[in-house]
Amino acid sequence: VFSNVDRAPEDPILGVTVAYNNDPSPAKLNLGVGAYRTEVVSSAYFLSIFIEGKPLVLDVVRRAEQQLVNDPSRVKEYIPIAGLADFNKLSAKLILGADSFCPIYDHVLIGSPAIQESRVATIQCLSGTGSLRVGAEFLKKHYHQCVIFIPKPTWGNHPKVFNLAGLSVEYYRYYDPATRGLDFQGLLEDLGAAPSGAIVLLHACAHNPTGVDPTSEQWEKIRQLIRSKSLLPFFDSAYQGFASGSLDTDAHSVRTFVADGGECLIAQSYAKNMGLYGERVGALSIVCKSADVASKVESQVKLVVRPMYSSPPIHGASIVATILKSSDMYNDWTIELKGMADRIISMRQQLFEALQAKGTPGDWSHIIKQIGMFTFTGLNKEQVAFMTKEYHIYMTSDGRISMAGLSTKTVPHLVDAIHAAVTR
Ligand code: PMP
Numbered sequence: 004v005f006s007n008v009d010r011a012p013e014d015p016i017l018g019v020t021v022a023y024n025n026d027p028s029p030a031k032l033n034l035g036v037g038a039y040r041t042e043v044v045s046s047a048y049f050l051s052i053f054i055e056g057k058p059l060v061l062d063v064v065r066r067a068e069q070q071l072v073n074d075p076s077r078v079k080e081y082i083p084i085a086g087l088a089d090f091n092k093l094s095a096k097l098i099l100g101a102d103s104f105c106p107i108y109d110h111v112l113i114g115s116p117a118i119q120e121s122r123v124a125t126i127q128c129l130s131g132t133g134s135l136r137v138g139a140e141f142l143k144k145h146y147h148q149c150v151i152f153i154p155k156p157t158w159g160n161h162p163k164v165f166n167l168a169g170l171s172v173e174y175y176r177y178y179d180p181a182t183r184g185l186d187f188q189g190l191l192e193d194l195g196a197a198p199s200g201a202i203v204l205l206h207a208c209a210h211n212p213t214g215v216d217p218t219s220e221q222w223e224k225i226r227q228l229i230r231s232k233s234l235l236p237f238f239d240s241a242y243q244g245f246a247s248g249s250l251d252t253d254a255h256s257v258r259t260f261v262a263d264g265g266e267c268l269i270a271q272s273y274a275k276n277m278g279l280y281g282e283r284v285g286a287l288s289i290v291c292k293s294a295d296v297a298s299k300v301e302s303q304v305k306l307v308v309r310p311m312y313s314s315p316p317i318h319g320a321s322i323v324a325t326i327l328k329s330s331d332m333y334n335d336w337t338i339e340l341k342g343m344a345d346r347i348i349s350m351r352q353q354l355f356e357a358l359q360a361k362g363t364p365g366d367w368s369h370i371i372k373q374i375g376m377f378t379f380t381g382l383n384k385e386q387v388a389f390m391t392k393e394y395h396i397y398m399t400s401d402g403r404i405s406m407a408g409l410s411t412k413t414v415p416h417l418v419d420a421i422h423a424a425v426t427r
């Protein structure tokens, strides 16, 4: 009965790794996937073991897991449809911010007015993607507008997530290839022309794939426009702390919108900032006008979740909650997180300097100006195909490279390939 089923194409991002895995060359380099890789993994006692380019499990995550395993009171019962209550509270505080100490968790700050006024409905979801999808399904059912404006370009999964939830997807101008920066005028014009009430997807920080973020002055203008037109902001926060190394700095855009008292949605992911990719841990927060509205909204989001996957998994969210509620572990996490962010920033510098030293034609300063995991190199499809064929370097065809997949050792190989591609 399934003989007429056509073969689907590989996912354009995950397919890069499939092609990489099939390449027998020892020189191959995977800069396609958005996952952190190490420069140096560990030094054990007097013996230093250097292992490059490997996935990293944070020490603090290992410790939290150990603590969970050693706790005999922990069971594997179903958790509520909305997820672990502690995890939800702490996740909302992490993104919305805080300014005073909480009596229960000594180091955790409370203070976002929206949290104090119980106006935030937070639901544990399946990482960032699941949070976006649940939020979109809720909007389709309960919001009066079903148009969502997403930046051009954006993460390849965004249009699919929103279309399949029944929203209709439109684009707003975001990236200007001429300046390799933000097309701020185009953005304002397109959002200014959006129908009243339209949903607007915003990358909270470290825009994927361009690495181009608005400045805080530009964010403020975007906020004023969105509020004046009663558009509904939907933040995708997949890189909090991972972009600048500071959890607060990377949450700045979200917090300015929440500070004005208006509504918004936020999809949070712990994939990158805690390295919990495969655990699928994330949260959807819906900031409402009142506590009463928030509790009704939460009840409806649960109706979205129940027939979809019933309830979320327990393990990853328990790790996050364990870390966020212990002052020691929280501190250790921020240190490890900054270490990852700093390594990526240093790779930007090294790549830029190496291209300059080689005299590769072109202005490569965007490599150090862009933010977060990715550099949007400006290399075109043909140049990318050439680099893959001749140098075994894998990346998405739009010229996006993951800085987290690069190391001091592999920079020269990448520079040779870029140089050959642009001088060919
Ligand atoms: N949004 C953006 C912008 C992303 O880059 C990603 C991960 N690549 C996600 C959401 C979702 O990631 P996950 O579902 O793994 O949390």
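The opening position of the sequence shown corresponds to residue 4 in the UniProt record's numbering, with each subsequent residue numbered one higher.
Note that the Cβ used here is the ideal one computed from N, Cα and C, for glycine as well.
- Counting only runs of 3 or more residues that sit fully inside the segment 345-385, the beta strand (DSSP E) segments are 377-379, in chain order.
- Secondary structure note for Gln-221: its alpha helix (DSSP H) is the uninterrupted segment 219-231.
- Separation of Ala-241 and Ala-360 (C-alpha to C-alpha, rounded to the nearest whole angstrom) is 34 angstroms.
- Residue environment analysis places Met-350 among the buried positions, since at least 16 neighbouring C-beta atoms fall within 10 angstroms of its C-beta.
- If you check the CB distance, Ile-126 and Ser-293 do not come in under 9 angstroms.
- Burial of Ile-396 is indicated by the presence of at least 16 other C-beta atoms within 10 angstroms of its C-beta.
- Around the beta carbon of Arg-183, a 10 Å sphere encloses 16 or more other beta carbons of the protein chains shown; the residue is thus reported as buried.
- Under the 8 angstroms Cβ criterion, the segment 163-178 does not count as touching the segment 324-333, having fewer than three qualifying pairs.
- Glu-192: not part of any beta strand (DSSP E); member of the alpha helix (DSSP H) spanning 187-195, first to last residue.
- Runs of the alpha helix (DSSP H) spanning 4 or more residues and lying entirely within the segment 273-315 occur at 294-312, in chain order.
- With a cutoff of 9 angstroms on beta-carbon distance, Asn-211 and Gly-37 are scored as near each other.
- Around Ser-121, the same chain offers Ala-294 as residues with beta carbons nearer than 6 angstroms, after the five sequence neighbours per side are excluded.
- When Pro-58, His-145, Trp-158, Ile-326 are compared, the shortest CA-CA separation from Gly-169 is found for His-145.
- Between Tyr-174 and Ile-202, the C-beta spacing is not below 9 angstroms.
- With the criterion CB distance below 5 angstroms from any heavy atom of ligand 1, the matching residues run Gly-37, Ser-130, Gly-131, Thr-132, Trp-158, Asn-211, Asp-239, Ala-241, Ser-272, Ala-274 along the chain.
- With the rule of 3 Cβ pairs closer than 8 angstroms, the segment 18-27 does not count as touching the segment 374-390.
- Secondary structure at Ser-240: strand, using DSSP grouped into helix, strand and coil.
- The closest CA to that of Ala-181, considering only Val-8, Trp-336, His-369, Ile-225, is found on His-369.
- Bridge pairing for Thr-411: absent [DSSP].
- For His-318, there is no enclosing beta strand (DSSP E); the residue is part of the alpha helix (DSSP H) that begins and ends at 318-328.
- Cβ atoms of Phe-245 and Ala-344 come within 8 angstroms of each other, at about 6 angstroms.
- Within the DSSP secondary-structure output, Lys-155 pairs in a beta bridge with Arg-176.
- Rounded to the nearest whole angstrom, the C-alpha separation of Val-323 and Phe-90 is 7 angstroms.
- By the neighbour-count criterion, in which a residue is buried when 16 or more other Cβ atoms sit within 10 angstroms of its Cβ, Ser-199 is exposed.
- CA-to-CA, the gap between Glu-339 and Ala-388 works out to about 35 angstroms.
- Collapsing the DSSP output to three states places Tyr-81 in coil.
- Gly-264 sits exposed, since fewer than 16 C-beta atoms from the chains shown fall within 10 Å of its C-beta.
- Exposed is the label assigned to Met-311, since fewer than 16 other Cβ atoms lie within 10 Å of its Cβ.
- Counted as a single uninterrupted DSSP element, the beta strand (DSSP E) harbouring Ala-124 occupies residues 123-129.
- Its chain contains Tyr-81, Ile-82, Ile-84 as the residues whose beta carbon lies nearer than 6 angstroms to that of Ser-314, once the 5 sequence neighbours on both sides are disregarded; these appear in chain order.
- When the Cα atoms are used, Ser-400 and Arg-176 turn out to be separated by approximately 20 angstroms.
- In the three-state DSSP reduction, Ser-134 falls in the helix class (H, G or I).
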